[in-house]
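If you count by my numbering, then the sequence shown holds residues 860 to 967, one letter each, in order. Even glycine gets a Cβ: it sits at the ideal position worked out from N, Cα and C.
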Amino acid sequence: MYNRDKSILYYSSLKQKDFIVNLNISHFTFTKHLNKGSYYLDKYLFSRFPENTAKVKDISILDLALQLEKDRKVFNKNKPLNSLSRSVLLIDANTTNFLLALVNVFLI
């Protein structure tokens with residue numbers, strides 16, 4: 860996953876599932892942007908081919924996932940998915956594994 864001009868590499872993996880699970884990107888969205896070469900959140904580019912001149916961004920997966928969550932809020936603020944949807948970050952205290960999820964909040 861690069862910035863728009865492929866000068867910065869944010870994340871790489873040989874498995875598509877890593878993008879879906881670790882960065883909370885839907886399979887449909889990831890595949891669409893990868894195949895079309897379009898920009899995810901108008902900022903990021905997925906590529907099957909490495910760009911040798913790209914600078915590797917030193918960022919943890921958790922920090923990148925949180926940054927993407929912030930970018931999603933900004934990108935989607937004019938088109939809310941659901942007024943009751945909220946992002947939730949779940950962290951397993953024993954393993955420090957994390958999962959970002961959208962949940963519906965029910966007010967009583």
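- In this structure, DSSP gives I920 a helical state, which the three-state scheme calls helix.
- If you check the CB distance, L900 and F934 come in under 8 Å.
- Listed as beta-bridge partners of K902 by DSSP are no residues whatsoever.
- Note on geometry: alpha-carbon atoms of S872 and A952 lie some 25 Å from one another.
- Non-local beta-carbon contacts of T888 in its own chain, meaning distances under 8 Å to residues more than five positions away in sequence, involve Y899 in chain order.
- The C-beta distance from K914 to S866 rounds to 6 Å, short enough to fall under 8 Å.
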